[in-house]
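**Q**
Protein chains: 2
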Amino acid sequence: MNIDVPDIVVRRLPIYLRVLRRLQAEGVEETPSHMLAKTLGISAARIRKDFSHFGEFGQQGRGYQVKKLTVELQRILHVDNIWPLVIVGVGQLGHALAMYDGFQENGFRIVALFDNDPAKVGMTVNNVPIQHIDYLEGEIRRHQLQIAVLAVPASQAEAIADRLVAAGIKGILNYANITLRPRPGVIIQQIDPTIILQHMTYYLEQPRN
Amino acid sequence: MNIDVPDIVVRRLPIYLRVLRRLQAEGVEETPSHMLAKTLGISAARIRKDFSHFGEFGQQGRGYQVKKLTVELQRILHVDNIWPLVIVGVGQLGHALAMYDGFQENGFRIVALFDNDPAKVGMTVNNVPIQHIDYLEGEIRRHQLQIAVLAVPASQAEAIADRLVAAGIKGILNYANITLRPRPGVIIQQIDPTIILQHMTYYLEQPRN
DNA sequence: GCCTGTGAAAGGATTCACAGCG
DNA sequence: CGCTGTGAATCCTTTCACAGGC
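These protein sequence lines are chains A and B, in that order.
According to the working numbering, the first sequence holds residues 1227 to 1435 in order.
According to the working numbering, the second sequence holds residues 1227 to 1435 in order.
#1: Can you list the residues of chain B that asparagine 1353(A) reaches, using a CB-CB cut of under 8 Å?
#2: Given a cut-off of 7 Å, decide if isoleucine 1386(B) and valine 1314(B) are closer than it, judged by their beta-carbon atoms.
#3: When the cut-off is 7 Å and only beta carbons count, does isoleucine 1356(A) lie next to chain B?
#4: Return the Cβ separation of valine 1292(A) and threonine 1257(A) in integer angstroms, given the expectation that the two are a contact with Cβ distance under 8 Å.
#5: Considering just the uninterrupted stretch of the alpha helix (DSSP H) at glycine 1320(A), what are its terminal residues?
#6: Going along chain B in order, which residues have a C-beta closer than 7 Å to the C-beta of glycine 1394(A)?
#7: Do you know how far the Cα of leucine 1399(B) is from the Cα of glutamine 1250(A)?
#8: Please name the residue in Pro1344(A), Val1297(A), Val1351(A), Ala1392(A) whose C-alpha comes closest to that of alanine 1338(A).
#9: Would you please verify whether the beta carbon of arginine 1409(B) is less than 7 Å from any beta carbon of chain A?
#10: Could you compute how far the alpha carbon of tyrosine 1263(B) sits from the alpha carbon of isoleucine 1241(B)?
#11: Does the distance from the CB of isoleucine 1417(A) to the CB of isoleucine 1417(B) come in under 7 Å?
#12: Could you give the distance in angstroms between the alpha-carbon of isoleucine 1422(B) and the alpha-carbon of aspartate 1276(B)?
#13: Secondary structure at phenylalanine 1340(B), three-state DSSP: helix, strand or coil?
#14: Helix, strand or coil, according to DSSP, for histidine 1279(A) in the structure here?
#15: Could you tell me how far apart the beta carbons of arginine 1335(A) and proline 1355(A) are, in whole angstroms, since I believe they sit closer than 8 Å?
#16: What is the DSSP secondary structure of lysine 1374(A), counted as helix, strand or coil?
#17: Check glutamine 1285(A) in the structure and name its three-state DSSP category.
#18: Can you list, in chain order, the residues of the stretch 1271-1299 of chain A whose Cβ is nearer than 8 Å to any Cβ on chain B?
#19: Measuring alpha carbon to alpha carbon, tell me which of Ala1392(A), Val1378(A), Gly1333(A), Ile1273(A) ends up nearest glycine 1289(A).
#20: Any beta carbon of chain A sitting closer than 7 Å to that of arginine 1238(B)?
#21: Determine the direct distance from the alpha carbon of glutamate 1298(B) to that of histidine 1369(B), and round the result to whole angstroms.
#22: Tell me whether glutamate 1437(A) sits in a helix, a strand or coil according to DSSP, three-state version.
#23: Output the boundary residues of the alpha helix (DSSP H) element that contains valine 1312(A).
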């Protein structure tokens, strides 16, 4: 049990949580670390060490109670309540994200959508109305939103990120294919499939050509 | 210069490449490591050390030539030719991915789309026809495809992954919110926004509630 | 002077291996 | 006996700091 937990450990917690929820859905009530380890392709020691940063959740000789561990992880990750989200940019991608059920299922609720295209304003996606981006700051402040999903073109991403941060956003999930400049006090994470694919191709051999 | 390069270094190369392409688009011809470092929010030493695994690409007193370094990184990452891709699952997300320009722009071309819904078969997205999933293995073998993007429901992901691997796929980019069982000789990477958001919330405080 | 490339040092993360408990 | 939790050992990554070159 340790006060300051390495970020690399925190990153793995949501992955553990996802497996545990799946086990729970399958009716599994307890599981030892080496079963989780096998499912995830990592070592059992790492799993036990990771949990040990937060307390003692297991039972010798038996393993972990799935239900109990799930609850603990949700508490640790602050996902024991619903987090409201805003999505900025309702193009193809933003639209698909707004329709995506996974957010709801994992404790996030999309409460606002913004776009700069007047033609889209007033339309609703998944029962959430699209508002003009002029109202971005007002809505963030009104709902005290902390998390934004950024799905605008790369050329606009930095400028929108500045506006989000100025309005009080503390976490940005960026889908634009640009590395956003770091901002103090703000957690910025990136999703870019081409970055991941280029990492893969390092290990692959181009066929003919 | 080293034979075996740590994976963590390889993971950063696509990020460097993206910044360099951006600099090139802006007309910047050379840049020192500390400028790249500042843009990315990491240390200059790390950048120089990363490059040093592959050779000596810089000039003392001047930095790196953007054009030259770009070419070197593309070669190292095996993205100096076009990689063909297949997308499996053409729901909201698969559709958005099929429309996404970023793949083309970064050296990937979508050559086939598959879905199990007969109503979708025959429709085209971005000029690529949707085929029934029965033809999956045949097309993968015919085009000798190595990379697949998986955008099917979580419940089907493991089964489809098995089929992909049996047909010769070596890299899977998985969008389903399940951790796929590891398969020997296959690189599996995951994109799951809720995992990233749950990592963020660890560092945020839930407001009232 | 500015900047790279790199050994050496420092700092982290993972695995080992086992005491201790149910 | 099976499994957790954990110090110790190992392994890996980053930073430091500077020689050497433009």
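Glycine is no exception: its CB is placed at the ideal position from the N, C-alpha and C atoms.
**A** Result, derived from the coordinates:
#1: Neighbours of asparagine 1353(A) on chain B: none; closest Cβ ~15 Å, over 8 Å.
#2: yes
#3: no
#4: 6 Å
#5: 1318-1325
#6: By Cβ distance, chain B contributes nothing, its closest Cβ being about 11 Å from glycine 1394(A), past 7 Å.
#7: 26 Å
#8: Val1351(A)
#9: no
#10: Contrary to the premise, residue 1263(B) reads as alanine rather than tyrosine in this sequence. Approximately 11 Å, taken between the alpha carbons.
#11: yes
#12: 26 Å
#13: strand
#14: coil
#15: Actually they are not in contact, since the Cβ atoms of arginine 1335(A) and proline 1355(A) sit about 15 Å apart, beyond 8 Å.
#16: The residue you asked about is not lysine; residue 1374(A) is alanine in the sequence shown. Residue state, collapsed to three classes: strand.
#17: strand
#18: none
#19: Ile1273(A)
#20: no
#21: 27 Å
#22: There is simply no residue 1437(A) to check, as chain A begins at 1227 and stops at 1435 in what is shown.
#23: Looking at the DSSP string, valine 1312(A) is not in any alpha helix (DSSP H); the run it does join, the beta strand (DSSP E), is 1309-1314.
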